[in-house]
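What follows is a short report on a single structure.
In the working numbering, the protein residues as written are 513 to 869.
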């Protein structure tokens with residue numbers, strides 16, 4: 513493939529690790545959705561609070577549609593959840609009196625509660641997810657290193673990397689995206705039945721790869737937690753963006769959690785930095801033989817945005833369970849951030865970067 517595998521540096525001290533194996537069973541990975549709003553109890557849509565175990569997201573949606581006799585597109589979800597996990601989330605379907613919800617239950621799918629709401633649940637209608645994860649067969653130093661890692665991450669956060677699944681098996685999705693942007697591949701080269709889905713996925717993979725590279729460089733140069741003139745900052749409360757002109761003031765606001773330093777999701781509408789940060793971002797494009805103009809080939813799919821470089825998981829708690837030689841971790845993450853990126857800071861194992869919710 514065209515792109516070499518990118519080594520993502522850790523943010524926490526590499527001397528601190530608990531090791532261990534992840535996802536030995538679905539019960540080792542619990543995810544509970546944090547909704548953007550709760551159903552009102554009235555409306556044309558039925559909201560189902562569903563628990564699934566070892567069931568793929570698409571399999572769940574297909575099962576609900578077939579069982580209730582509705583179109584797949586009528587099933588609303590806020591976010592897709594991993595297969596090898598125990599997950600709880602809201603699902604919406606058009607309300608009908610004759611619906612028999614008991615038919616939805618299987619050994620691996622349970623309807624825990626139901627309500628009503630006026631609108632269909634749509635992608636992105638969630639604040640984030642609550643995670644409870646288990647690491648098995650941890651290292652001999654796990655008990656002593658665990659509290660130090662928890663303290664570091666609660667105080668400093670973790671890199672907001674994209675997980676490996678963004679790039680497809682063996683990176684083929686990323687390679688397709690690069691070729692599309694360079695014009696050496698066209699949408700017509702993608703089978704029609706998967707064209708819309710793969711086109712969006714491939715272009716997103718390129719944006720994610722370039723973001724990861726910029727973030728990795730700033731960690732290696734120890735500039736990820738600092739602010740330089742020309743950085744694009746995000747206001748945590750509102751999502752508003754601005755360029756840094758007063759570095760000292762920006763550093764104080766970063767320290768208080770009021771603002772966040774961002775990296776690029778390249779596209780025509782992306783707010784661009786100035787100064788050294790601008791040069792750094794342009795250099796990453798040039799290293800791949802890309803330019804900003806290449807993203808104009810697909811203006812609706814590569815509009816561009818900024819993404820925070822670091823993310824602070826909420827209330828990270830770690831417990832060493834000596835009887836099982838295991839570690840139990842719990843934390844909350846905002847939508848779009850990856851639980852296994854948090855996990856790899858504990859395990860110091862690069863392969864722990866491929867799952868998300």
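Note that CB positions come from ideal geometry on N, CA and C, so glycine has one too.
Look at the beta carbons and you see the segment 637-649 touching the segment 839-849: at least three pairs across the two are nearer than 8 Å. Selection 764, 725, 649 evaluated against residue 794 yields 725 as nearest (Cα-Cα).
Leaving aside the five residues that flank residue 762 on each side, the residues in its chain whose CB is nearer than 8 Å to its CB run, in chain order, 739, 743, 745, 756, 771. DSSP places residue 659 in the uninterrupted alpha helix (DSSP H) bounded by 654-668. For the pair of segments examined, the segment 600-611 was found not to touch the segment 525-536: the number of CB pairs separated by less than 8 Å stays below three.
Leaving aside the five residues that flank residue 624 on each side, the residues in its chain whose CB is nearer than 6 Å to its CB run, in chain order, 561, 563. It is roughly 12 Å from the alpha-carbon of residue 836 to the alpha-carbon of residue 532.
Assigned with DSSP and collapsed to three states, residue 782 falls in coil, not helix or strand. Assignment of beta strand (DSSP E) within the segment 576-632, counting only whole runs of 3 or more residues, yields 598-606, 621-629 in chain order. The segment 820-862 contains, as complete beta strand (DSSP E) runs of 3+ residues, the segments 826-833, 838-846 (chain order).
The straight-line gap separating the alpha-carbon atoms of residue 687 and residue 710 is approximately 12 Å.
Nearest in C-alpha terms to residue 652, of all of 852, 838, 853, 842, is 838. In this structure, the straight-line span from the alpha carbon of residue 579 to that of residue 553 is close to 23 Å.
Counting only runs that start and end inside the segment 686-745, the alpha helix (DSSP H) elements of at least 4 residues fall at 704-732.
Rounded to the nearest angstrom, the Cβ distance from residue 546 to residue 642 is 6 Å, consistent with a contact under 8 Å.
Taking the Cα positions, residue 567 is about 19 Å away from residue 852.
Residue 793: not part of any beta strand (DSSP E); member of the alpha helix (DSSP H) spanning 787-799, first to last residue.
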